[in-house]
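Shown next, in C-alpha cells, is the structure this report addresses.
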Amino acid sequence: MYGTIDGFNYGAATPLAAYLMACLGGALGLRCTARSVRTQRSWKAGWLALGSASIGSGIWTMHFIAMMGFHVKETPIGFDIPITLLSLVVAIVVVGIGVFMVGYRGTSPGVLLSAGMFTGLGVAAMHYIGMSAMRMQGHLEYSVPTVLLSVLIAVVAATAALWAAVTIQGFRASLASSMVMGVAVTGMHYTGMAAVSVRLDDVLSASVGGEAPASLILPMLIGPVVFLVIAGTIIMFDPLLVLGEGEWNEKKAAGARGTPPPPPRPVWPVWPPEEEPARARPWPPEEAARARSRPPGEAAQAWPRPPEEAARARPRPPAEEAARARTRRPGPRHGRRGYRDW
Numbered sequence: 001m002y003g004t005i006d007g008f009n010y011g012a013a014t015p016l017a018a019y020l021m022a023c024l025g026g027a028l029g030l031r032c033t034a035r036s037v038r039t040q041r042s043w044k045a046g047w048l049a050l051g052s053a054s055i056g057s058g059i060w061t062m063h064f065i066a067m068m069g070f071h072v073k074e075t076p077i078g079f080d081i082p083i084t085l086l087s088l089v090v091a092i093v094v095v096g097i098g099v100f101m102v103g104y105r106g107t108s109p110g111v112l113l114s115a116g117m118f119t120g121l122g123v124a125a126m127h128y129i130g131m132s133a134m135r136m137q138g139h140l141e142y143s144v145p146t147v148l149l150s151v152l153i154a155v156v157a158a159t160a161a162l163w164a165a166v167t168i169q170g171f172r173a174s175l176a177s178s179m180v181m182g183v184a185v186t187g188m189h190y191t192g193m194a195a196v197s198v199r200l201d202d203v204l205s206a207s208v209g210g211e212a213p214a215s216l217i218l219p220m221l222i223g224p225v226v227f228l229v230i231a232g233t234i235i236m237f238d239p240l241l242v243l244g245e246g247e248w249n250e251k252k253a254a255g256a257r258g259t260p261p262p263p264p265r266p267v268w269p270v271w272p273p274e275e276e277p278a279r280a281r282p283w284p285p286e287e288a289a290r291a292r293s294r295p296p297g298e299a300a301q302a303w304p305r306p307p308e309e310a311a312r313a314r315p316r317p318p319a320e321e322a323a324r325a326r327t328r329r330p331g332p333r334h335g336r337r338g339y340r341d342w
C-alpha cells in the first residue's frame, strides 16, 4: 500500500521561501567570488570560501524549508538530526570544491565541465541524503527516470553557477544570475521530490523515530540564516564592492598622501560644447600638391589656422589646464593624460 503524498502541505509558502533563500545564498556567493577576482592572492581563498559557504548554505536552506512542506497523509514524519546535518556539510563542501577549481584554474571547458559535474552530483547527493533522513512508517521508493532528470538539472545548474561565480562582476548581473540559480536548484529539488513514492509498512506503529519537523525549524535554520546575514553584512561594508575598484584605489592613494580624495569624476560631458576643439581642416589642393613635391628633408610649413582656432590653441595657465584635465575623459581628440594633442 502506498501513502498519499503532499509536497505542498503549507501551500505556496514553502516553495516561495525556499526559492528566496536559494536566491539570497546565490547572490551573496556571487558577490564574494566577484570580490575574490579583484583582491590580492593571499585574500582570494578567504573570499572564495565565504562565497562557496554562502551558496552551499543557501542551497541547503532551500532544501530544508521545502522539506517542511512534505507530508504523507497516513503517517507522521520525523527527521534524523545527524543525517540532516551531514547533508548541510555535503552541500558546502561540494560547492566549495567546485568554486575553488574554477577560481584558481579558470573556466576552460575541461575545468568547468569537471567542476560542474562534481558539484552537480554533490548537490544531488545532498538532496537524497536529506531525503534519507526522514523517518516514517514506511520506506521511500524512487522513479529512476525522474531521479536521473533531477541529477541532470543539478549538473547543469551547478555548471552555470560556477561559470557565473568567476565571470559575473556587476551587481545587477549577479542579482539576475542568482534568480536564475534559485529557479534551477528549486526546480531540481521538486523534480527529485516528484520521483518519490512511500510504501507504507504492513503494521503501523504509534510513533516514528527522529524529531518532528515543527521542532526542527528554528534550531536547524538559525545557523545558516545567521551565517548568510553575516556574509551579507561583510559584503555590504566592503569598500571595493560598494565604491568600485577605480574610486577605491583613488581614495587609498589620497589617504597615503595625506590629501583629501578627489571629487568623483563626471562621465559626461567631456568638454563644454562651446569650447570643443574644431576638427582639423584638410589642406587645400594646391597646398597638398606643394607638400607632395617638396624635396626630402625640407621642413614642412604649418598650415595657418583661422584666427578663432588659433586663439583657442593658446596655452592656458597651468592651474586652469590642470583643473580641466581632471574633468576630461580621454578620447580620440585628447592624449592619454587628458591634454589636447594640438
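UniProt numbering puts the first residue of the sequence shown at 1, with every later residue one more than the last.
For every residue, glycine included, the Cβ atom is placed at its ideal position computed from N, Cα and C.
| Item | Value |
| --- | --- |
| What residues in its chain sit with their C-beta under 8 angstroms from that of F70, if we drop five residues either side in the sequence? | I5, D6, G7, N9, I77, M134, M193 |
| My understanding is that G138 touches V94, with C-beta atoms under 8 angstroms, so please give their C-beta distance in whole angstroms. | Going by Cβ atoms, the distance from G138 to V94 rounds to 29 angstroms, so no, they are not a contact pair. |
| Between I55, C32, S57, G56, which has its C-alpha nearest V45's C-alpha? | It should be noted that the sequence gives Ala, not Val, for residue 45. For the residues I55, C32, S57, G56, the minimum Cα distance to A45 belongs to C32. |
| Just tell me which of M220, G29, A184, M136 has its CA closest to the CA of Y2. | M136 |
| When you compare only the Cα positions, how much space is there between L48 and A12? | 33 angstroms |
| Which stretch, first to last residue, makes up the alpha helix (DSSP H) that contains V89? | 81 to 105 |
| Are T61 and P224 closer than 8 angstroms when you measure CB to CB? | yes |
| Do you know how far the Cα of E141 is from the Cα of V198? | 6 angstroms |
| Which residues in the same chain as G187 place their Cβ atom closer than 7 angstroms to its Cβ, once the five residues preceding and following it in sequence are excluded? | I153 |
| Quick one: complete beta strand (DSSP E) runs, 3+ long, within the stretch 151 to 216? | 196 to 200 |
| Who pairs with I5 in a beta bridge, going by DSSP? | V72 |
| For a test of the three-state rule: what should DSSP assign to A125, helix, strand or coil? | helix |
| Give the secondary structure of Y19 by DSSP, where H, G and I count as helix, E and B as strand, and everything else as coil. | helix |
| Smallest Cα separation from G58: which of T84, M67, A27? | A27 |
| Between the beta-carbon of L218 and the beta-carbon of F64, is there less than 8 angstroms? | no |
| Checking the sheet assignment: what are the DSSP bridge partners for Y142? | V196 |
| Considering only the beta carbon of each residue, do G116 and L162 sit closer than 8 angstroms? | yes |
| How would you label T84, buried or exposed, when you count the other beta carbons within 10 angstroms and need 16 or more for buried? | buried |
| Taking DSSP's pairing of strands, which residues face M134 in a bridge? | F79 |
| Enumerate in chain order the residues of its own chain whose CB-to-CB distance from A212 is below 7 angstroms, with the five nearest sequence positions on each side excluded. | G78 |
| Can you tell me the Cα-Cα spacing of L20 and G182, whole angstroms? | 7 angstroms |
| Three-state secondary structure (DSSP) at A34? | helix |
| Indicate the three-state DSSP secondary structure (helix, strand or coil) for T39 in the structure shown. | coil |
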